[in-house]
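Residue numbers for the sequence shown follow my numbering, so the first one is 3 and each next one is one higher.
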Amino acid sequence: MGTPISALADLLDPRVLGTVEQLADSVEELNAKTDEALRAIDGIGPKRLEEIRAACDAALNG
């Protein structure tokens, strides 16, 4: 999914790269927390969770 952050190392200032890495980590943490919260809702199984994530990805990525 997309370009690996490590591929940007030669293109970005080290401080900017560090910020990008921190943001990516934050996004991963938020995704994990969202998945956990959705699983806690009755009736949300793995298949429905996959559908919700796909819809969110489509909305965010056009």
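C-beta: ideal position from N, C-alpha, C; glycine also. Because the structure is a prediction, the values reported are computed rather than measured.
DSSP three-state assignment for residue i, whether helix, strand or coil
i	result
Pro6	coil
Ala26	helix
Ala11	coil
Ala45	A small fix is needed here, since residue 45 is Gly in this sequence, not Ala. In the structure shown, Gly45 sits in coil (DSSP, three-state: anything other than H, G, I, E or B).
Segment limits, alpha helix (DSSP H) that includes residue i
i	result
Ile54	48-63
For residue i, the nearest candidate out of the options (CA to CA)
i	options	result
Leu62	Val29, Val22, Arg50, Ala9	Val29
Ala56	Ala9, Gln24, Asn33	Asn33
Ala26	Ser8, Arg50, Asp15	Ser8
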